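In my numbering, the protein residues as written are 61 to 458. Even glycine gets a Cβ: it sits at the ideal position worked out from N, Cα and C. The structure presented is a predicted model; accordingly, all values stated were derived computationally and were not measured.
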Ligand SMILES: Cc1ncc(COP(=O)(O)O)c(C=O)c1O
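Listed below in C-alpha cells is the structure:
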C-alpha cells in the first residue's frame, strides 16, 4: 500500500489542450488526416544556426552552468531587450528552463500559500497548474468575446483586490485570446498596481507576434521599477519549444535574488541550448518580419474562414497565434470530441481545444473553442471548411 498523495497532487489540473489526446491517438490511424489546431506547437523550422551549435557542441562533457544563466547569454538577452525598447541590465535577467519554470519561480517568489494572483480570463490554462504547485490562488476577472477580450474596466479589476492579492498577471499578446493590450490599458494596470503596492506580472512570450500596431511591454517605460516582472520564452519566438529556454526579467532586486536562489536549488538551465540561443539572437528584425508576415497570413485565413461559418462569433485578434471563437453549440467539449471521433469530410477532420478550460470561473466559455494557427494557410483554409461542415452536420447545433 502506498501512502496517499498530497491534496496539491490530487488537485493538480489536467491540461485542457491535451484533453483530447487519447481519442486523437486512436483516430490518427483511422482518419487520413487530422488538422492539429489544439496545441501551440508551430510548424516553423528552428533556425539552422541553432541546430549547428547543437550538433557540433564540443565535448567531452556537458557541464552545469551558472544558476542564473551563462553571463555572456544574459548580456545578449539584455541587448535583445534593448532592441525591443526595454532597458534591462544582464543582472536583471535570469535564464530559466522554459517560460513555464519562469512562471513557477515568479509565483513562488511573490506569493505565500493562500495568496492571490488576479488574471483576466480566458488565460493560458497552465497558470492554474503553476499556481496549484506553489499553493497560490488564481482569481479571475472575466473579459468578453464581444470586446475581443480587452481588459475589463479597471474598476472591475480593482474589485477583485483583497488583502491576499500579491499580483495581477496578464498575457500580452494573449494565449488563448490573441488580444494585444493597448498602451492605455498597460498604464491603467500599472497605476492600479502602484496604488495597491502589488506586482504586475506580464507574460510576453508572444511579444514579436503583433500584427496590427505595436506591442506594449510593461517595462518599456520608466516609473515601474519595483512592481513589474516579465516572464518570457524562446519556445515560440524562435520555434524552440523543445529547447526549454525562457527568462524572468525585473528591476526589482529582491525578486531577482529570491528567484536566483530557487534557480540554485535546481542547479542550472540547459547549457548547450544557451550557447545555441546566442546564435539565434543574431538573426535580428528580418527574421521576425518574415515570421510575423507568415503568422499574419495564417490569422487572416482562419478569421476569414470562421466569418464564413453561420453562427460563429469572434473579433479579429491582433496578436499571438490563437483565435478564441464562439460556436453555435452548448458545449464545445462534446462538440470537439464529436468532431474528432464521429465527423469526417473525405476522411479528414480537425482537432480544436475546448474553450472552457481557459477559464477559472466554472461553466463559462462552454461555447468557445481555441484555434492555434500553427500550420500553413492552405491547410488552415481546408481545416476551417471542415469545421464549418462539421458545425452544419452537428446534431447538437443550437
Ligand atoms: C502564454 C504562454 N506562457 C508560457 C508558455 C510556456 O512556454 P515554455 O515552452 O517556454 O515553457 C506558453 C506555452 O505555450 C504560453 O503560451
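Contact annotation: residue 94 and residue 409 have beta-carbon atoms nearer than 8 Å. Cβ contact annotation for residue 324 (same chain, cutoff 8 Å, sequence separation greater than five): 127, in chain order. Runs of the beta strand (DSSP E) lying entirely within the stretch 199-256, each at least 3 residues long, are 225-231 in chain order.
Residue 103 sits in coil when the DSSP states are folded into three classes, being neither helix nor strand. For residue 265, the CB falls within less than 7 Å of some heavy atom of ligand 1.
Apart from the 5 residues on each side of it in sequence, residue 405 sits with its Cβ closer than 6 Å to the Cβ of 446 and 449 in its chain, given in chain order.
Taking 7 Å as the cut-off, one finds no heavy atom of ligand 1 near enough to the beta carbon of residue 379. When the five nearest sequence neighbours on each side are left out, the beta carbons in the same chain lying within less than 7 Å of the beta carbon of residue 421 are those of 181, 200 and 202, in order along the chain. Sequence-distant Cβ neighbours of residue 234 in its own chain, meaning closer than 7 Å and more than five residues away, are 209 and 380. Each of 105, 397 and 103 was checked against the Cα of residue 79, and the nearest Cα belongs to 397.
In this structure, residue 170 and residue 251 do not form a Cβ contact; the two beta carbons are roughly 19 Å apart against a cut-off of 8 Å.
By the 16-neighbour rule on beta-carbons within 10 angstroms, residue 124 is exposed. Between the stretch 283-291 and the stretch 308-317, the count of Cβ pairs shorter than 8 Å is three or higher; the stretches touch. When secondary structure is reduced to three states using DSSP, residue 263 falls in the strand class. Between residue 413 and residue 192, the beta carbon gap of about 20 Å keeps them out of contact (Cβ cut-off 8 Å). Within 10 angstroms of the beta-carbon of residue 73 lie fewer than 16 other beta-carbons, which makes it exposed. Rounded to whole angstroms, residue 84 and residue 195 show a C-alpha spacing of 32 Å.
The criterion of a C-beta distance shorter than 8 Å is satisfied by residue 295 and residue 158. If the five residues before and after residue 336 are omitted, its C-beta is found closer than 7 Å to the C-beta atoms of 110, 113 and 114, all from its own chain and listed in chain order. Look at the beta carbons and you see the stretch 424-435 touching the stretch 352-366: at least three pairs across the two are nearer than 8 Å. Distance from the C-beta of residue 147 to the nearest heavy atom of ligand 1 is not below 7 Å.
Within the stretch 123-166, the runs of beta strand (DSSP E) at least 3 residues long that lie entirely inside it are, in chain order, 153-156.
Here residue 93 carries a strand assignment [DSSP, helix/strand/coil].
Residue 154 and residue 146 have their C-alpha atoms roughly 15 Å apart.
In this structure, residue 417 has its CB at a distance of at least 7 Å from all heavy atoms of ligand 1. Around the Cβ of residue 327, a 10 Å sphere holds fewer than 16 other Cβ atoms; the residue is exposed.
Not one heavy atom of ligand 1 sits closer than 7 Å to the Cβ of residue 144.
Within the stretch 162-191, the runs of beta strand (DSSP E) that reach at least 3 residues and sit entirely inside it are, in chain order, 176-181.
Annotation for residue 215 indicates a beta carbon at 7 Å or more from all heavy atoms of ligand 1.
Per DSSP, residue 428 lies in no alpha helix (DSSP H); the unbroken beta strand (DSSP E) holding it starts and ends at 428-432.
About 6 Å separates the beta carbons of residue 343 and residue 107, which is inside the 8 Å limit, making them a contact pair.
Cβ-Cβ separation between residue 382 and residue 236: approximately 5 Å, consistent with a contact (criterion under 8 Å).
A Cβ-Cβ distance of about 19 Å is found for the pair residue 366 and residue 390, leaving them out of contact under the 8 Å criterion. Excluding residues up to 5 positions away in sequence, 231 and 291 lie with their Cβ nearer than 6 Å to the Cβ of residue 263 in the same chain. For residue 304 and residue 133, the gap between their C-alpha atoms comes out near 15 Å. At least 8 Å separates the beta-carbon of residue 407 from that of residue 393.
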